[in-house]
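Accompanying notes for the structure given below.
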Amino acid sequence: MPADSVRPTWSLTDIPYATIEKEKIIGNTDWFYLLAGASFVETLSDLYTRNLVEYYQENVGATTWLRQEWEMEEVQHGHALRRYVLFVWPDFDWERAYQGFVTAYAPCCRTELLGPTHALEMASRCVVETGTASFYTMIQAASPEPVLRQIAAHIRADEVHHYKYFYRIFRQYQAAEKIRAGVSVANYGNE
Numbered sequence: 629m630p631a632d633s634v635r636p637t638w639s640l641t642d643i644p645y646a647t648i649e650k651e652k653i654i655g656n657t658d659w660f661y662l663l664a665g666a667s668f669v670e671t672l673s674d675l676y677t678r679n680l681v682e683y684y685q686e687n688v689g690a691t692t693w694l695r696q697e698w699e700m701e702e703v704q705h706g707h708a709l710r711r712y713v714l715f716v717w718p719d720f721d722w723e724r725a726y727q728g729f730v731t732a733y734a735p736c737c738r739t740e741l742l743g744p745t746h747a748l749e750m751a752s753r754c755v756v757e758t759g760t761a762s763f764y765t766m767i768q769a770a771s772p773e774p775v776l777r778q779i780a781a782h783i784r785a786d787e788v789h790h791y792k793y794f795y796r797i798f799r800q801y802q803a804a805e806k807i808r809a810g811v812s813v814a815n816y817g818n819e
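Positions 629 to 819 (my numbering) are the ones given, in order, by the sequence shown.
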């Protein structure tokens, strides 16, 4: 399945971390927790990628995209946010806190816990990508600090792209599994 024809890419070198206006955000612990938490989730995307690759192993196009694009972009989101957090709050022991997060989260992130069908798992991926795009749209709009707005805009664009790709995969499985629009996901497995 081809990725979108042309779309912009970015890297950590595109972010002007040295120009962060720390005084606009450093005193707000809500921003600290929000950004540190997001950096943990995004950084751990490699674990979730492994689960999806195992679950969709018969779909070479999807697994290739997951490994070569989605995982790399998601982990980059985590690195961008981590770097931001450590620039603004340099005394934070990010690595120690992240290891605690991994210990608590990893048991909940296993292949056997994915959706009951391939289509429904892709539908859940679409919901997650829609949620994360909205999350970063909110950060971009609400941030008191310009560099954070730039990071959020980059991540938001990636999340929209990811949604579009997952939706295409969902449509393939929806047709193959003969899932009708409007069927309640809650009824699956209880029939």
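For each residue, glycine too, the CB sits at the ideal point set by N, CA and C.
| Check | Outcome |
| --- | --- |
| Cα-Cα separation between residue 817 and residue 792, rounded to whole angstroms | Legend: pLDDT at residue 817 = 43, less than 50; position of this residue unreliable, value from coordinates given subsequently. Distance between the alpha carbons of residue 817 and residue 792 is about 27 Å. |
| Residue burial classification, residue 753 (beta-carbon count within 10 angstroms, cutoff 16) | buried |
| Alpha-carbon to alpha-carbon, residue 674 and residue 645 | 25 Å |
| Environment of residue 799 [buried if 16+ CB atoms lie within 10 Å] | exposed |
| Sequence-distant residues of its chain with Cβ nearer than 7 Å to residue 737 (five each side left out) | 675, 676, 679 |
| 6 Å Cβ shell around residue 743 - same chain, five flanking residues per side excluded | 749, 752 |
| Alpha-carbon to alpha-carbon, residue 807 and residue 686 | 20 Å |
| Integer-rounded CB distance, given that residue 712 should sit under 8 Å from residue 776 | 6 Å |
| Secondary structure of residue 754, DSSP reduced to three states | helix |
| 8 Å contact criterion, which residue 768 and residue 781 should meet: CB distance rounded | 5 Å |
| Secondary structure of residue 792, DSSP reduced to three states | helix |
| Residue 779 (DSSP reduced to helix, strand or coil) | helix |
| Whole-angstrom C-beta distance between residue 773 and residue 682, which should lie under 8 Å | Actually they are not in contact, since the Cβ atoms of residue 682 and residue 773 sit about 39 Å apart, beyond 8 Å. |
| C-beta atoms of residue 726 and residue 668 nearer than 7 Å | yes |
| Runs of alpha helix (DSSP H) lying entirely within the region 709–770, each at least 4 residues, in chain order | 722–733, 746–770 |
| Host alpha helix (DSSP H) of residue 679 (start-end) | 673–683 |
| Environment of residue 704 [buried if 16+ CB atoms lie within 10 Å] | buried |
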